[in-house]
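These protein sequence lines are chains S and E, in that order.
Take this note's numbering: the final residue in the first sequence is number 677, and no numbers are missing along the way.
Take this note's numbering: the final residue in the second sequence is number 499, and no numbers are missing along the way.
Glycine residues also receive a C-beta, built at the ideal position from the N, C-alpha and C atoms.
In this text the structure is predicted, and so the values were computed from the model without any measurement.
This report refers to the structure that appears directly beneath it.
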Amino acid sequence: MAYKTVIGLEIHVELMTDTKIFCSCPNEFGGEANTHCCPVCLGLPGALPVLNKAVLEYAIKAGIAFNSKIANITKMDRKHYFYPDLVKGYQISQDDVPLCSGGYVEIELEEGTKKIGLTRIHIEEDTGKSIHTEEGDSLLDYNRAGVPLIEIVTEPDMNTPEEARLFLEKLKSTLKYIEVSDCKMEEGSLRCDININVVDTETGKKTNITELKNLNSFSGAVKAMEYEEKRHISLLKEGENTERETRRWDEVKNETIIMREKGEVADYRYAVETDILPIEIKDEWIEELKNSLPELPHAKKQRFIKEYDIPEYDAGVLTQSKELADFYEETVKYIDDPKQVSNWIMGDVLRRINDEELEIEDLKFKPKDLAKLLELINEGKISNNIGKKVLRTMFETGDSPEKIVKEKGLIQISDEDELEKIVEKVLSENEQSIIDYKNGKDRALGYLVGQVMKVTKGKANPQMANQIIRDMIEEQ
Amino acid sequence: MDIINLTAMDMREKLKNKEISARDIVEAHIDRLQKMEEDLNAFITISKEEALNAADIIDEKIKKGEKLGPLAGIPIGVKDNIITKDIKTTCGSKMLENFIPPYESTVVEKIKKADGIILGKTNMDEFAMGSSTETSYFGITKNPIDTQRVPGGSSGGSAAAVRAKEVAIALGSDTGGSIRQPASFCGVVGLKPTYGLVSRYGLVSLANSLDQIGTLGRNVTDVALLLNAIVGYDEKDSTSVNMDIIDYIEGLSEDVKGMRIGVPKEYLNLNMDERVKEQILNSIEIFKNMGAVVEEISLPHIEYALATYYIISTAEISSNMARFDGIRYGYRAKDYETLDELYINSRSEAFGEEVKRRIMFGTYSLSKDNNEKIYKKAAKVRTIIKEDFDKIFEDYDIILSPTSPSLPFRIGERIEEPLAMYKSDIFTVPINLTGICAISIPCGYVEGLPVGLQIIGDKFEELKVLRLARAFEKHVSLGGENIGL
Chain S
202 MAYKTVIGLE
212 IHVELMTDTK
222 IFCSCPNEFG
232 GEANTHCCPV
242 CLGLPGALPV
252 LNKAVLEYAI
262 KAGIAFNSKI
272 ANITKMDRKH
282 YFYPDLVKGY
292 QISQDDVPLC
302 SGGYVEIELE
312 EGTKKIGLTR
322 IHIEEDTGKS
332 IHTEEGDSLL
342 DYNRAGVPLI
352 EIVTEPDMNT
362 PEEARLFLEK
372 LKSTLKYIEV
382 SDCKMEEGSL
392 RCDININVVD
402 TETGKKTNIT
412 ELKNLNSFSG
422 AVKAMEYEEK
432 RHISLLKEGE
442 NTERETRRWD
452 EVKNETIIMR
462 EKGEVADYRY
472 AVETDILPIE
482 IKDEWIEELK
492 NSLPELPHAK
502 KQRFIKEYDI
512 PEYDAGVLTQ
522 SKELADFYEE
532 TVKYIDDPKQ
542 VSNWIMGDVL
552 RRINDEELEI
562 EDLKFKPKDL
572 AKLLELINEG
582 KISNNIGKKV
592 LRTMFETGDS
602 PEKIVKEKGL
612 IQISDEDELE
622 KIVEKVLSEN
632 EQSIIDYKNG
642 KDRALGYLVG
652 QVMKVTKGKA
662 NPQMANQIIR
672 DMIEEQ
Chain E
15 MDIINLTAMD
25 MREKLKNKEI
35 SARDIVEAHI
45 DRLQKMEEDL
55 NAFITISKEE
65 ALNAADIIDE
75 KIKKGEKLGP
85 LAGIPIGVKD
95 NIITKDIKTT
105 CGSKMLENFI
115 PPYESTVVEK
125 IKKADGIILG
135 KTNMDEFAMG
145 SSTETSYFGI
155 TKNPIDTQRV
165 PGGSSGGSAA
175 AVRAKEVAIA
185 LGSDTGGSIR
195 QPASFCGVVG
205 LKPTYGLVSR
215 YGLVSLANSL
225 DQIGTLGRNV
235 TDVALLLNAI
245 VGYDEKDSTS
255 VNMDIIDYIE
265 GLSEDVKGMR
275 IGVPKEYLNL
285 NMDERVKEQI
295 LNSIEIFKNM
305 GAVVEEISLP
315 HIEYALATYY
325 IISTAEISSN
335 MARFDGIRYG
345 YRAKDYETLD
355 ELYINSRSEA
365 FGEEVKRRIM
375 FGTYSLSKDN
385 NEKIYKKAAK
395 VRTIIKEDFD
405 KIFEDYDIIL
415 SPTSPSLPFR
425 IGERIEEPLA
435 MYKSDIFTVP
445 INLTGICAIS
455 IPCGYVEGLP
465 VGLQIIGDKF
475 EELKVLRLAR
485 AFEKHVSLGG
495 ENIGL
């Protein structure tokens with residue numbers, strides 16, 4: 202039997218404009234509760250919203266980056282529901298005329314590039330936050346009320362959790378590239394809801410769509426989707442179906458848990474927000490914003506291949522985020538060996554970043570320091586292996602490589618006389634190896650070099666040690 | 015000299031000439047207020063201390079020879095759905111019985127800047143829903159001309175206070191006639207300006223695509239004086255219009271000869287009090303005598319205006335009332351177990367019948383099943399009605415109509431018949447639907463009760479409307495000034 206998974210996403214992204222969407226309160230994460238508020242974002246009677254032009258600007262940039270069509274005339278609408286964190290009894294959002302329609306995001310799969318279609322991108326206001334205390338009280342913080350959001354809705358074009366993950370990664374990196382959002386899932390500036398169901402491709406039978414909410418990380422989202430995929434398939438196998446319902450991911454139990462049954466679809470009683478006049482967006486402005494966009498991931502990748510003569514794979518990895526690409530380019534400025542820099546960044550630097558879930562911005566050392574480290578290696582002052590050790594220290598202390606090498610006495614022994622003395626001693630203690638080497642066992646040479654490195658605690662120049670050993674054995 | 019009998023313009027002049035002080039003015043009006051309020055109940059909150067302090071500041075300014083604002087010393091009533099910082103703003107509802115706003119509305123800010131003195135907050139139908147001021151949580155306001163009768167509504171408190179000389183001028187709000195109809199019932203002048211001329215920032219929304227703050231006074235010049243002080247673009251209200259400021263007093267005296275006036279035949283054929291109709295027909299003759307050209311015109315879709323108005327206004331009302339949920343401010347029920355109960359009990363206990371009725375209407379027409387066929391269709395009809403008016407204004411300067419189809423009715427007479435109450439808005443609602451401007455001026459009396467004439471102008475043609483009203487006012491002596499109280 203064959204099954205096809207169908208996944209569509211709804212992503213809310215907070216825009217990092219200076220001020221909120223309808224007032225001049227600061228748009229900042231955190232802050233003492235209820236201090237970033239005014240009559241407008243608190244929805245006090247009589248207060249009126251005034252649309253922040255920067256919100257349009259940021260959202261249009263996102264639309265351009267995702268190949269959407271930007272509306273020339275759009276409007277705001279009211280979406281009604283009651284909840285204590287919603288100050289007006291309605292959210293100012295967009296209903297039938299979204300700012301951006303259509304568009305797509307390309308993801309790279311083994312079998313090639315796949316386009317994930319976007320239905321729409323619209324602008325809206327965020328709500329406040331409810332905090333439920335252990336004593337059973339509910340507290341309200343309205344600092345977030347009126348923070349500008351874009352809601353991105355995809356077509357149900359993803360067929361595996363991995364595709365959804367790749368989509369989210371690409372979406373996030375692009376939004377960060379164009380500097381419209383910091384996309385910090387842990388701070389809630391990127392939030393993702395998932396719609397998932399499974400089709401039995403032989404019978405055409407489908408499960409009902411499950412909505413997944415409250416996902417705090419991409420990895421959590423993937424696990425939740427994998428869990429649901431299995432659950433839907435096993436129900437199909439038993440000839441059963443899923444309920445139309447909303448579930449959340451429980452990180453402790455590693456399973457999805459029902460939040461609420463969908464039953465009747467909510468009626469938001471959409472009405473036109475007539476406090477804000479229809480919005481006209483001129484083509485010239487869209488063009489201007491298009492020209493103001495920074496280089497997007499795909500273009501950057503192509504440029505890296507051409508400009509630095511590195512393999513496509515390397516260019517792809519290095520341009521996955523703007524910060525990483527900037528780090529790479531900055532490093533290459535100081536040391537003219539793009540492939541070597543790429544190897545180090547893709548290898549030891551990224552491995553550590555991924556292991557410790559760091560962001561490239563969080564690194565304690567600068568591109569210049571990495572370049573210096575590579576220079577020390579290239580000049581033969583330290584060995585490759587010592588270089589890796591130095592890098593580990595740089596991650597921890599942020600000290601310059603010169604300082605680390607000096608303080609730890611790691612300068613490579615490249616003095617011939619000194620090395621000859623050490624080799625002489627090693628050879629005298631390993632006669633069997635000399636015989637083996639003479640009998641053509643090349644591995645014996647490696648062992649002898651290893652012994653030299655051991656004695657020098659890795660500081661011997663390995664090439665020189667190798668040469669001296671060979672010379673001395675031949676002389677014997 | 016009895017200060018309360020002065021016009022606002024005269025008060026200002028006498029203050030400037032140091033014949034009277036600001037304190038004299040305020041004290042005289044507070045005296046009057048205290049005497050009248052027992053009968054009238056035109057005010058919900060009287061801000062006596064604030065008014066006296068403001069008066070002293072103005073007197074100090076005069077002493078120092080400082081420049082005075084254009085409203086210096088004039089006592090003003092402010093309808094209680096207009097936000098006043100630190101002064102209770104109730105909207106005539108139990109919901110906001112103790113609501114003290116932490117911010118200022120743009121109009122009040124402007125009045126204060128112009129040295130106007132806010133004497134208090136005037137009574138109104140609850141959240142401005144009504145045409146009689148009978149739905150106020152704070153009791154009925156009575157018509158000063160005949161205390162058995164309603165003052166009209168929803169700005170009934172403002173109209174009554176102006177008529178009874180408790181204040182010289184007042185602010186009202188007009189969503190479907192709420193300034194013009196009470197002006198008509200109380201025999202005063204009331205202007206609903208063009209949508210966007212006056213900032214709505216701080217006006218508690220009833221139906222926000224229809225609401226407009228306007229002015230009431232005992233004569234056209236006083237109405238223009240207050241209008242001058244409150245107009246202008248406000249960056250806090252996206253729907254306010256950025257245009258050159260016009261002086262509405264200057265140019266008032268210009269001739270109206272040759273002005274082209276249209277009278278819609280559909281209006282005169284409507285079912286209305288014959289005595290009202292007669293007064294209107296008389297007024298038309300007066301305009302002809304003044305040299306205006308009066309012709310019959312047609313507004314073919316006007317019969318749909320009332321239904322369109324009630325669909326759009328109640329839809330917006332249901333939305334605007336949603337924020338009153340008992341969570342952050344306003345009334346909260348004492349008994350509730352769940353969040354839903356908190357909402358339901360608070361709103362059930364604090365909203366009056368008329369508010370609930372309109373929320374129900376609006377919720378119905380916005381619901382998924384009806385959104386397209388009721389709410390969106392009404393928006394389309396609204397555009398068609400607008401086009402009717404646009405066409406007329408290509409050829410005419412002014413449209414004339416009665417303000418209300420009836421004379422002021424008795425208290426309690428219509429409160430049980432919402433449909434009859436809604437129908438009394440028939441001449442006024444099209445002005446709000448189309449966003450244009452109109453004034454109501456007294457044009458005669460029937461058995462001691464005033465009749466209002468509605469003078470309608472195109473968008474931002476307030477000056478034309480005021481000019482015609484002023485010319486009419488000069489031309490006729492109504493003699494109704496001292497009827498009743």
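- Excluding sequence positions up to five before and after R484/E, its CB lies within less than 6 Å of the CB of V234, L266, all in the same chain and listed in chain order.
- Judged by their CB atoms, V270/E and G305/E are nearer to each other than the 8 Å cut-off.
- Taken through DSSP and simplified to helix, strand or coil, V214/S comes out as strand.
- Chain E has no Cβ within less than 8 Å of the Cβ of V348/S.
- C451/E places its beta carbon less than 8 Å from that of K206/E.
- Under the three-state reduction of DSSP, D286/S is assigned to coil, being neither helix nor strand.
- In this structure F368/S touches I308/S by the C-beta definition: roughly 5 Å separates them, less than 8 Å.
- The beta-carbon distance between N662/S and S584/S, rounded to whole angstroms, is 7 Å. This is short enough to meet the 8 Å contact definition.
- Taking the Cβ atoms as the reference, K250/E lies roughly 4 Å from Y215/E, within the contact range of under 8 Å.
- The Cβ atoms of I317/S and A263/S do not sit closer than 8 Å to each other.
- Beta-bridge partners of R448/S (DSSP): L413/S, I459/S.
- Pairing N384/E with T443/S, the inter-Cα distance amounts to about 31 Å.
- For the 8 Å CB-CB criterion, L133/E and S219/E do not form a contact.
- At a cut-off of 8 Å between C-beta atoms, S381/E counts as an interface residue with respect to chain S.
- Under the 10 Å beta carbon count, L478/S is surrounded by fewer than 16 other beta carbons and is classified as exposed.
- For Q613/S, the secondary structure class from DSSP, reduced to helix, strand or coil, is coil.
- Following the DSSP letters along the chain, one finds A452/E in no alpha helix (DSSP H) but inside the beta strand (DSSP E) bounded by residues 451 to 460.
- Residue pairing for E352/S: DSSP places it in a beta bridge opposite H213/S, H323/S.
- Put simply, the segment 315 to 323 of chain E touches the segment 379 to 398 of chain E. At least three CB pairs are less than 8 Å apart.
- A distance below 8 Å separates the beta carbons of G204/E and I453/E.
- Interface flag for K276/S against chain E is unset, since no Cβ pair is found closer than 8 Å.
- Listed by position along chain S, the residues whose Cβ is nearer than 9 Å to that of R396/E form an empty set, because the closest Cβ is around 11 Å away.
- With contacts defined by Cβ atoms closer than 8 Å, T218/S and N253/S form a contacting pair.
- The segment 274 to 286 of chain E and the segment 308 to 320 of chain E touch, with three or more beta-carbon pairs separated by less than 8 Å.
- With a 10 Å radius around the Cβ and a threshold of 16 neighbouring Cβ atoms, M374/E comes out exposed.
- T229/E sits buried, since 16 or more C-beta atoms from the chains shown fall within 10 Å of its C-beta.
- Using a Cβ-Cβ cut-off of 7 Å, A500/S is close to nothing in chain E; its nearest Cβ partner there is about 37 Å away.
- Against chain S, the CB of A56/E has no partner CB under 8 Å away; the residue lies outside that interface.
- For R432/S, the enclosing alpha helix (DSSP H) starts and ends at 419 to 438.
- Within the segment 267 to 296 of chain E, the complete alpha helix (DSSP H) segments at least 4 residues long are 279 to 282, listed from N- to C-terminus.
- Counting the other CB atoms within 10 Å of its CB gives A272/S a total of 16 or more, which places it among the buried residues.
- About 4 Å separates the CB atoms of S327/E and A221/E; that is less than 8 Å, so the two are in contact.
- The distance from the Cβ of N157/E to that of F57/E is about 15 Å, inconsistent with a contact at the 8 Å cut-off.
- Residue E441/S holds the alpha-carbon nearest to the alpha-carbon of N409/S among T402/S, E441/S, I554/S, S420/S.
- For the pair A422/S and A365/S, the CB atoms are nearer than the 8 Å cut-off.
- Taking a beta-carbon distance threshold of 8 Å, R342/E counts as an interface residue toward chain S.
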